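Asks: Numbering (our numbering), first residue to last: -6 to 308.
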Amino acid sequence: MSLSLVCMSHSPLMMGALSPSDKSQEEAFFNIVAEAGKWLEDQEPELIVVFGPDHFGGLFYDLMPGFVIAAAAHGSHDWGIEPGPLDVPQDIAMACFRHLTDEGFDPAFSYDMRVDHGTTIPLLKLVGGLATYPVLPIVVNCAAITRPSFRRVRELGAVVGHFLAGLDKRVVVVGSGGLSHDPPTPVIDLNDEKIVNRVVKRNVATPEEFSRREARVVEMAKGMCQGEGPILPPSEEFDRRFLKHLMAGELEIFDGWTDEMMDEQAGFGGHEVRCWVAAAAALAAASAETPEYTLDYYDIIPEWITGMGVLRGTA
C-alpha cells in the first residue's frame, strides 16, 4: 500500500475563457501541473481519490448534503469541458461509505453523481481524462451555506485515510479547489425566482445557460483586474498562512476557522480549501510516517481571480 497526494487550484477561467496578460504565469502554471501529472503517473496509482467541491452543478438546496460518496459519476458540461463518465469502482465506493458510517459519519451516496469542474479539471489536467484511472469522487459542499465545518472535514478525511490504508493499493489523493478567490456565486434568496431556479431547483443548465453564466464571470474577472468590484481579489497573505499550516501538518488549527472569517479573508471560493484539508488529513492518517510536502507552485493570477497553487505530498 502507498498513498500520495496532489492538491491543485482549478480556476475554470484557465480552460481558455480568459488568458493572463502575463503569459509567463500561464505557461509556468501549466508546466508545473504537467510535471505533477507525470509524478502522479509515476506512482502507478490503482485508485485516485478526488476530494472536490461542487458549484451548484450537482448539488442543490432542494437537498444539500455535506459530503457525497459517488459510486457512479459523470462530468457535467461546464466551461466547455466535454462531459463523460468517470471510472468509479462501485465496490470500493460502497466499502468507503460503510467504513464512514461505522465511524460515525453520515455521508450521502450516489449512483448517478454529476460532478462539475471542481472534480473534472484536476483529472483532465493531471492525467488527461475523466476515466484514465479508477476514481473515487468524494464531493465536499463548499458553496452552500450549510457547508460542513473544517473540523468535520478534517475528521472525515482522516477516516477516509484509514480506509485507504486497508485497501493494499497504490492510491493518490487529490485535493481540488482554492486557494483564495471570490467568484460571483448566488446567495440563497427564496424570494428571488432566478436564484431559486439556479441553486434550489435541480435544473441542468443548457450549454447556452452555461455560456451566459461564464460570460458574466469573465466580465467580473476583467473588472477585478482593473480594480473594480464586486468580487474580492485573491489574498496572498491568506494563501501563504494556509499553506504554512497545512505543510507543517498543523491541520487542527483549521478547526477554529469560521465561514465568516473565510468570506472576509479568502473570498467565497476560498471555502474550497476544505478539500485540501481533507486530502492532507487522509494522507496523515494512512501512514505512521509524518507527511512531507513540496509546494511546486504558488502565484496569484489576476485574470483567473485565484491564488493558484500546486502541492505534492508523500508519507
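In this text, a Cβ means the ideal position worked out from N, Cα and C, and glycines have one as well.
Because the structure is a prediction, the values reported are computed rather than measured.
Runs of 3 residues minimum, wholly inside the region 136 to 205: which ones carry the beta strand (DSSP E) assignment?
Replies: Fully enclosed beta strand (DSSP E) runs of 3 or longer: 163 to 169.
Asks: Is M57 helix, strand or coil when you go by DSSP?
Replies: Three-state result, M57: coil.
Asks: State buried or exposed for A308, treating a residue as buried only when at least 16 other CB atoms are found within 10 Å of its CB.
Replies: Under this definition A308 is a buried residue.
Asks: Under the rule that 16 or more other beta-carbon atoms within 10 Å means buried, what is I41, buried or exposed?
Replies: Answer is buried; the Cβ neighbour count reaches 16.
Asks: Which complete beta strand (DSSP E) runs does the region 61 to 89 hold, if anything under 3 residues is left out?
Replies: For the region 61 to 89, whole beta strand (DSSP E) runs of length 3 or above, ordered along the chain, are 66 to 68.
Asks: Take every Cβ of the region 247 to 265, pair it with every Cβ of the region 130 to 150, and state whether three or more of those distances are shorter than 8 Å.
Replies: Yes: at least three Cβ pairs fall under 8 Å.
Asks: So, with DSSP's three-state summary, where would you put D15?
Replies: Here D15 sits in coil by DSSP.
Asks: I'd like the span of the beta strand (DSSP E) that includes L(-2), first residue to last.
Replies: Start and end: S(-5) to M1.
Asks: Have a look at S204 and H110 and give me their C-alpha separation to the nearest angstrom.
Replies: If you take the alpha carbons of S204 and H110, they lie about 14 Å apart.
Asks: For I114, which residues from the same chain have a beta carbon less than 6 Å from its beta carbon, with the 5 sequence-adjacent residues on both sides left out?
Replies: If we look at I114 and ignore the five residues flanking it on each side, its Cβ neighbours are H3.
Asks: Using the beta-carbon count (16 or more within 10 Å), is F134 buried or exposed?
Replies: The residue asked about is misnamed: residue 134 is Asn in this sequence, not Phe. Buried.
Asks: Throw me the rounded Cβ distance for the W72 and E212 pair, which I believe falls under 8 Å.
Replies: So it is not a contact: roughly 15 Å between Cβ atoms.
Asks: Are there three or more Cβ pairs, one per stretch, closer than 8 Å when the region 84 to 94 is compared with the region 151 to 167?
Replies: Result yes; three or more Cβ-Cβ pairs closer than 8 Å.
Asks: What does the alpha-carbon distance come out to for the pair M255 and G262?
Replies: Their Cα atoms are separated by approximately 9 Å.
Asks: Once the 5 residues before and after D182 are set aside, which same chain residues still bring their CB inside 7 Å of it?
Replies: Only I188 meet the Cβ criterion.
Asks: Please list the terminal residues of the continuous beta strand (DSSP E) segment that includes T287.
Replies: Looking at the DSSP string, the run of the beta strand (DSSP E) that includes T287 is E285 to I294.
Asks: Given a cut-off of 9 Å on the beta-carbon distance, is the pair V108 and D161 in contact?
Replies: No, Cβ-Cβ distance for V108 and D161 is not below 9 Å.
Asks: Is the CB-CB distance between V166 and S103 below 9 Å?
Replies: Cβ atoms of V166 and S103: not closer than 9 Å.
Asks: Using beta-carbon positions only, say whether H70 and P200 come within less than 9 Å of one another.
Replies: The answer is yes: Cβ separation under 9 Å.
Asks: Can you have a look at K118 and say buried or exposed, based on whether 16 or more other CB atoms are within 10 angstroms of its CB?
Replies: So K118 ends up on the buried side.
Asks: Taking its Cβ as the centre, do 16 or more other Cβ atoms sit within 10 Å of I138, making it buried, or is it exposed?
Replies: It counts as exposed.
Asks: Taking just the CA atoms, how far does F49 sit from G242?
Replies: So the alpha carbons of these two residues sit roughly 31 Å apart.
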